[in-house]
Each structure stands twice: as C-alpha cells, then as structure tokens.
Amino acid sequence: MNWIERAAFFAPLDYAALGLLLGAWLWIGWKIEHPSPQRRSVSQMMDNYRRDWMREMVTRQPRMFDAQVVAAMRQGSTFFASTTMIAIGGGLALLGNTERLAGVASDLAIGSAPALVWEIKILVVVLLLANAFLKYVWAHRLFGYCAVLMASVPNDPEDPQAYPRAAQSAEICVTAARSFNRGLRATYFALASLAWFLGPIALMLSTIITFGVLYRREFASQSRTILISQSPYTET
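Taking this note's numbering, the leading residue of the sequence shown gets 42, the next gets one more, and so forth.
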C-alpha cells in the first residue's frame, strides 16, 4: 500500500482539523513568546520577575530560599517528564492493539475504520507527547545549570563578578522556564488531539477550546491582572 492509498483513508476534513491543531499549537507558542508591547503575555512578565529575583539574590543572606525555589522548579519538570513518559508508553502499547479502539468506536457508534487510521491518530498524540517530554527534560537540565550558576555568585555584592553571574543565572532560568512552558503547551494539544478519535469536528472543537484557554491564561486572566497591577513592567 503506497502513501496515496493510505491518505485516502482520511477525509479532507481530517486534514483540515489536523492542520488547525498544528497551526494553533505553533501560533499560540509564537504569540506567547513574541507578544506586542501593548499586550504582554504572563510568561514574558514572569521572565522579568525572574531577572529581578536573581538581582535580589545577590544581597540575600543566606540564599537557602533561592535554592529551594530552584529545587521546586526542577521537581516540577521531573514530575511532568515522568508522567509524559508513562503516557508515551501507553500510546506505544496501543499502537499494537488498535482492535480495542475499533471495538470501543463500534460500541459508541462512531464508525469503523482500518487499523492504520487508528495507528496514525495514536501516533499524532505520541509525537506531541514526545515533544513535550524532550522540553521537560531540557528544562530540568537547564534548571540544574541555573542552580550551579547561582552557587557561583560571590557572597560579596561588591565583587565585580556578583551581578554579571546573577544575570547569567537569570537568563538560564528564563530559558529553562521557556522550555518548560513549551512542554506544557505540547501536553495541552496532545490532550486536545485525543478528540480526533471522535472525528475531525471533535478535533477542531477541542483545538479551539485549548487555544482559547491558553490565550486567556496568557493575555486575559486574573493572574495577569494581578501581575500587571503595581508592576514596574508597564505596557507601552
């Protein structure tokens, strides 16, 4: 069976729904990381607070609080990486047992489809989860780099290396948080892609809902209002 014959198993609406899923995932990620100055995202504002945190760390004695914060962030990335790995394993196990999915679809009167169709739909979920796993693992490692850099910051604020190294720590922390957030977005859209098992319309609806939730949390949430109020990072 060639690729043309395999592609015939999917309707044009399936390709449109899959395109919408991938487009929404990529666009919201770009928008969050490159917002307009008039409408900053929560993630961008938190990056500025991370830089403030590292500057304050220079004069904080002792620095146990800062170490605990970094340890908590590493634990978060470890938890999500472990959970995602389990989900990937479950998806790979389903690839060899699509008959159960076909049976469930038949019981729910969703319709019948060749095993190849179910395998491709599972593969989309697994690929999104794999992307998320790689982001979480990289974030975990970067948070480790950040911890080492923080430990290298001299205790004396007057040391010429104190603030430059604190700035390096901040940028590594920002990069780690960005990777972690990318992993979260991939996880969100992996969950949205599960709706494809119910059909392309369900996939479109779940994609739109996921996109709306992410957009609201970054640009119109109560937490954003709290961050922007009394904040030195005013919008232009």
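Glycine included, each C-beta is placed from N, C-alpha and C at the ideal position. Source: prediction; values computed, not measured.
Closest Cα partner of L232 within the set M105, A128 and E259:
Within the sequence shown, residue 232 is the residue found at index 191, counting from 1. Answer by Cα proximity: A128.
Answer with buried or exposed for S118, where buried requires no fewer than 16 other C-beta atoms within 10 angstroms of its C-beta.
On the sequence shown, residue 118 is found 77 positions in, with the first residue counted as 1. So S118 ends up on the buried side.
Can you give me the C-alpha to C-alpha distance between I69 and N222, rounded to a whole angstrom?
On the sequence shown, position 28 is the one that residue 69 refers to. On the sequence shown, position 181 is the one that residue 222 refers to. When rounded, the distance between both Cα atoms is 12 Å.
Any beta-carbon of chain C closer than 8 Å to the one on L59?
Of the protein chains in the structure, only one exists, and it is not chain C.
For D88, which of helix, strand or coil comes out of DSSP?
If you number the sequence shown from 1, residue 88 lands on position 47. The answer is helix: DSSP assigns D88 an H, G or I state.
Residues of its chain near V165, where Cβ-Cβ distance is below 6 Å and the 5 sequence neighbours each way are ignored:
Translated into positions along the sequence shown, residue 165 becomes position 124. S234, listed in sequence order.
For L61, I'd like the list of residues in its chain whose CB is within less than 7 Å of its CB, leaving aside the five on either flank, ordered along the chain.
As a position in the sequence shown, residue 61 is number 20, starting the count at 1. Answer for L61: M245 and T248, listed in chain order.
Let's see if you can read the secondary structure: which residues bound the alpha helix (DSSP H) around R206?
The residue given as residue 206 occupies position 165 in the sequence shown. A203 to S234 is the span of the alpha helix (DSSP H), which, as asked, contains R206.
Between which two residues does the alpha helix (DSSP H) harbouring N172 extend?
Position 131 of the sequence shown, counted from the start, is the residue given in the question as residue 172. Element bounds for N172: A156 to A192.
Use the C-beta contact count for S123: other C-beta atoms within 10 angstroms, 16 or more gives buried, fewer gives exposed.
Residue 123 sits at position 82 when you count from the first residue of the sequence shown. Per the 10 Å Cβ criterion, exposed.
Starting from E259, follow the alpha helix (DSSP H) in both directions and report where the run begins and ends.
The count along the sequence shown starts at 1 and reaches residue 259 at position 218. From DSSP, the alpha helix (DSSP H) with E259 extends over P241 to F260.
Is Q102 helix, strand or coil by DSSP?
Numbered from its first residue, the sequence shown carries residue 102 at position 61. Note: Q102 maps to coil in three-state DSSP.
Since M98 contacts A227 with CB under 8 Å, what's their CB separation in whole angstroms?
As a first step, residue 98 is located in the sequence shown; it is residue number 57 there, counting from the start. As a first step, residue 227 is located in the sequence shown; it is residue number 186 there, counting from the start. That belief does not hold up - the Cβ atoms of M98 and A227 are roughly 31 Å apart, past 8 Å.
Going by DSSP in three states, D197 sits in which element: helix, strand or coil?
Within the sequence shown, numbered from 1, the residue matching residue 197 stands at position 156. It is coil, neither helix nor strand.
In terms of residues, what are the limits of the alpha helix (DSSP H) holding A58?
For the purposes of this step, residue 58 is taken as the residue at position 17 of the sequence shown. Here the alpha helix (DSSP H) through A58 covers P53 to E74.
C-alpha distance - Q202 paired with M86, whole-angstrom precision:
Here residue 202 is taken as the residue at index 161 of the sequence shown, counted from 1. Here residue 86 is taken as the residue at index 45 of the sequence shown, counted from 1. Cα to Cα, the separation comes out at about 26 Å.
Shortest alpha-carbon distance to D55 belongs to which of V178, K162, K176 and N138?
The residue you call residue 55 lines up with position 14 of the sequence shown. Comparing Cα-Cα distances from D55 to each of V178, K162, K176 and N138, the minimum goes to K162.
Classify I73: buried if its beta carbon has 16 or more other beta carbons within 10 angstroms, exposed otherwise.
Position 32 of the sequence shown, counting from 1, holds the residue named residue 73. I73 comes out buried.
Would you decide whether E199 is buried or exposed? Buried here means 16 or more other CB atoms lie within 10 Å of its CB.
As a position in the sequence shown, residue 199 is number 158, starting the count at 1. Result: exposed.
Should P100 and A173 be called a contact, given that it needs their Cβ atoms to be closer than 8 Å?
Your numbering for residue 100 matches position 59 in the sequence shown. Your numbering for residue 173 matches position 132 in the sequence shown. The displayed chain sequence assigns Thr, not Pro, to residue 100. Going by C-beta atoms, T100 is not nearer than 8 Å to A173.
Assign L67 to buried or exposed, taking buried as 16 or more other Cβ atoms, counted over all protein chains shown, within 10 Å of its Cβ.
Within the sequence shown, the letter at position 26 stands for residue 67. Exposed.
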